[in-house]
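Residue numbers (our numbering): 31 to 421.
Here it is as structure tokens:
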């Protein structure tokens with residue numbers, strides 16, 4: 031029997047982080063002491079307050095059955111309270127919020143609710159791969175918006191031609207930005223809203239890193255408008271709950287209604303006991319502040335090491351990534367391989383793995399992304415190894 035893959039699936043290259051994992055695993059199999067800054071999966075334990083909440087909730091929800099697809103009332107109301115407190119935005123839990131299995135599920139599936147074959151989706155480049163992949167599975171056409179250093183890693187709307195804008199159904203934004211660690215300004219968000227409304231484009235802001243910052247607090251797109259706009263958030267990074275798979279979408283009730291309809295045909299929602307744990311997580315800010323401080327310590331340790339070997343300063347404003355420029359004469363992949371070799375044995379993601387070449391430019395080339403997920407002690411060891419690097 032001949033087995034053939036879906037045409038979209040068979041056309042895809044390997045997922046960028048799968049390739050990073052493969053390189054790491056090959057080294058570990060050889061007995062090398064690898065320090066992994068590649069994939070953004072924190073090794074910080076999920077805070078005790080959350081672990082205790084989920085333990086209790088398993089018994090409380092022992093007869094709960096299938097979860098409500100849109101989310102439990104308790105979780106939705108806590109999202110409302112947290113959003114009001116954090117951003118000053120008022121939401122209706124019945125019509126303007128939907129729960130999700132973390133942000134990846136929401137990002138990948140979202141185009142299925144709105145995109146028809148041949149529709150355009152505007153995607154940041156470099157960016158989170160599911161923006162593109164979800165578009166492709168919805169039979170849409172991803173059109174990349176380059177994020178360049180000279181433009182503060184913000185897309186230039188003037189470079190989107192009118193024909194593309196007319197065909198576009200969705201624009202993705204992501205600030206604080208993965209992988210560039212940059213922030214968006216109030217003025218930029220307002221320009222994005224104006225552009226999308228003029229062209230009748232749904233504007234989706236992926237805000238999964240909204241609580242990962244160092245100095246200035248990031249804004250939410252919802253502070254500047256609701257019509258035609260949705261924000262996606264998650265507990266994965268804020269509360270070290272990557273394995274729990276819980277998040278939400280919030281915004282325009284017409285968009286949320288369509289997404290709920292889609293989601294009801296795909297899955298049965300996040301487990302109720304997980305939503306209970308997420309509810310407790312949103313009530314507590316102390317653990318978030320502790321994690322932010324730890325990320326800042328790790329950031330500063332690595333930045334000092336990079337500076338000591340003469341690498342350009344690449345200070346992140348948010349997320350838990352460093353978007354580090356590589357030394358002159360190296361490509362992203364070449365420098366990543368140099369760090370993997372010998373006694374250095376550090377894994378980082380080549381920037382070119384996270385971006386596509388557009389108009390002769392690959393905006394990820396010349397950078398590597400370090401995810402600040404190893405412990406402080408392992409980060410100190412990594413810094414020692416970096417200082418021994420010969421470039």
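Positions of the beta carbon are idealized from the N, C-alpha and C atoms, including for glycine.
When you compare only the Cα positions, how much space is there between residue 140 and residue 368? By one-based count along the chain shown, residue 140 stands at place 110. By one-based count along the chain shown, residue 368 stands at place 338. Rounded to the nearest angstrom, the two C-alpha atoms are 38 Å apart.
What's the C-alpha gap between residue 162 and residue 148? Position 132 of the chain shown, counting from 1, holds the residue named residue 162. Position 118 of the chain shown, counting from 1, holds the residue named residue 148. Whole-angstrom Cα-Cα distance: 14 Å.
Spatial neighbours of residue 244 in its chain, beta-carbon cut-off 6 Å, leaving aside the 5 residues before and after: The count along the chain shown starts at 1 and reaches residue 244 at position 214. Excluding residues within five positions, the ones whose Cβ falls inside 6 Å are 326.
C-beta contact flag for residue 93 and residue 299 at 8 Å: As a first step, residue 93 must be located in the chain shown, where it is residue number 63. As a first step, residue 299 must be located in the chain shown, where it is residue number 269. It is not a contact, given that the beta carbons lie outside the stated cut-off.
Could you compute how far the alpha carbon of residue 108 sits from the alpha carbon of residue 419? Position 78 of the chain shown, counting from 1, holds the residue named residue 108. Position 389 of the chain shown, counting from 1, holds the residue named residue 419. If you take the alpha carbons of residue 108 and residue 419, they lie about 48 Å apart.
Please confirm if the stretch 152–169 is in contact with the stretch 282–300, defined as three or more CB-CB distances below 8 Å between the two stretches. no
When you compare the CB of residue 199 with every CB in chain C, is at least one pair closer than 8 Å? The chain labelled as chain C is not found in the depicted structure, where only one protein chain is given.
Would you call the stretch 365–382 in contact with the stretch 327–345, where contact means no fewer than 3 C-beta pairs closer than 8 Å? no
Mind checking who residue 348 pairs with in its DSSP beta bridge? To locate residue 348, count along the chain shown from 1; it is residue 318. Residue 348 is bridged to 243.
Closer than 7 Å by C-beta to residue 265: which residues in its own chain qualify, once you throw out the five before and the five after it? Chain order, please. Reading the chain shown from its first residue, position 235 is the one you call residue 265. 271, 274, 276, 277, 308 and 311, listed in sequence order.
Going by the beta-carbon positions, is the gap between residue 305 and residue 76 smaller than 8 Å? Along the chain shown, one-based indexing puts residue 305 at 275. Along the chain shown, one-based indexing puts residue 76 at 46. Against a cut-off of 8 Å, the Cβ pair of residue 76 and residue 305 comes out as no contact.
Is residue 282 closer than 8 Å to residue 257 when the C-beta atoms are compared? Here residue 257 refers to the residue found at position 227 when the chain shown is read from its first residue. Here residue 282 refers to the residue found at position 252 when the chain shown is read from its first residue. In contact: residue 257 and residue 282 (Cβ atoms closer than 8 Å).
Residue nearest to residue 280 in terms of C-alpha spacing, selected from 114, 64 and 74: Sequence index remark: in the chain shown, residue 280 carries index 250 (1-based). Comparing Cα positions, the closest option is 114.
On the three-state DSSP scale, how would you describe residue 55? In the chain shown, residue 55 corresponds to position 25, counting from 1. Note: residue 55 maps to helix in three-state DSSP.
Residue 2, DSSP secondary structure in three states: It is not possible to answer for residue 2, since the shown part of the chain is limited to 31 through 421.
Is the stretch 380–393 in contact with the stretch 343–363, if contact means three or more CB pairs nearer than 8 Å? yes
Just to confirm, are residue 422 and residue 199 a CB contact at a threshold of 8 Å? In the structure displayed, the chain extends from 31 to 421; residue 422 sits before or after that span and is not available.
Where do the N-terminal and C-terminal ends of the alpha helix (DSSP H) with residue 193 fall, by residue? Looking up residue 193 in the chain shown gives position 163. 192–197 is the span of the alpha helix (DSSP H), which, as asked, contains residue 193.
Are the stretch 400–420 and the stretch 180–196 in contact at 8 Å, needing three or more beta carbon pairs? no
Might you give, ordered along the chain, the residues of its own chain that have their beta carbon closer than 8 Å to the beta carbon of residue 127, omitting 5 neighbours on each side? Along the chain shown, read from residue 1 onward, the residue named residue 127 stands at position 97. 100, 101, 106, 109, 110, 121, 278, 279, 280 and 286.
Considering residue 398, what are the terminal residues of the beta strand (DSSP E) in which it resides? On the chain shown, position 368 is the one that residue 398 refers to. Its beta strand (DSSP E) spans residues 397–401.
Just how far apart, CA to CA, sit residue 53 and residue 60? Here residue 53 corresponds to residue number 23 of the chain shown, with the count starting at 1. Here residue 60 corresponds to residue number 30 of the chain shown, with the count starting at 1. Cα-Cα distance, rounded: 11 Å.
Can you say whether residue 32 is buried or exposed, counting buried as having 16 or more other CB atoms within 10 angstroms of its CB? Along the chain shown, one-based indexing puts residue 32 at 2. Flag for residue 32 reads exposed.
Buried versus exposed, by CB contacts within 10 Å (16 or more), residue 390: By one-based count along the chain shown, residue 390 stands at place 360. It is exposed - the Cβ of residue 390 has fewer than 16 other Cβ atoms within 10 Å.
Under the three-state reduction of DSSP, which class applies to residue 201: helix, strand or coil? Position 171 of the chain shown, counted from the first residue, corresponds to residue 201. Note: residue 201 maps to strand in three-state DSSP.
Have a look at the DSSP bridge pairing and note the partners of residue 66. As a working note, residue 66 is residue 36 in the chain shown. In DSSP, residue 66 forms a bridge with 377.
When you compare the CB positions of residue 23 and residue 240, do they come within less than 8 Å of one another, or not? The shown model of the chain, from 31 to 421, leaves out residue 23, and the question about it has no answer.
Residue 182 versus residue 83: straight-line alpha-carbon distance, rounded: Stepping through the chain shown from its first residue, residue 182 is reached at position 152. Stepping through the chain shown from its first residue, residue 83 is reached at position 53. In a straight line, the C-alpha of residue 182 is about 41 Å away from that of residue 83.
Does the beta-carbon of residue 85 have 16 or more other beta-carbons within 10 angstroms, so that it is buried, or is it exposed? Along the chain shown, read from residue 1 onward, the residue named residue 85 stands at position 55. Exposed is the call here.
Complete runs of the beta strand (DSSP E) confined to the stretch 250–307 [at least 3 residues]: 259–264 and 277–281
Look up residue 84 in the DSSP assignment and say whether it is helix, strand or coil. Stepping through the chain shown from its first residue, residue 84 is reached at position 54. Three-state DSSP puts residue 84 in a helix.
List the whole-angstrom C-beta distance separating residue 185 from residue 348, where the pair is believed to meet the contact cut-off of C-beta under 8 Å. The residue labelled residue 185 in the question sits at position 155 within the chain shown. The residue labelled residue 348 in the question sits at position 318 within the chain shown. That belief does not hold up - the Cβ atoms of residue 185 and residue 348 are roughly 17 Å apart, past 8 Å.
Would DSSP call residue 139 helix, strand or coil? Along the chain shown, one-based indexing puts residue 139 at 109. The answer is helix: DSSP assigns residue 139 an H, G or I state.
For residue 33, which residues does DSSP report across the bridge? Here the question's residue 33 lines up with position 3 in the chain shown. Paired residue(s): none; residue 33 is not in a bridge.
Restricting to Cα atoms, I'd like to know which of 371, 187 and 303 is closest to residue 421. Taking the chain shown and counting its residues from 1, the one referred to as residue 421 is at position 391. Nearest of 371, 187 and 303 to residue 421, Cα basis: 371.
Short check: CB of residue 339 to CB of residue 417, under 8 Å? The sequence position of residue 339 within the chain shown is 309, counting from 1. The sequence position of residue 417 within the chain shown is 387, counting from 1. Against a cut-off of 8 Å, the Cβ pair of residue 417 and residue 339 comes out as a contact.
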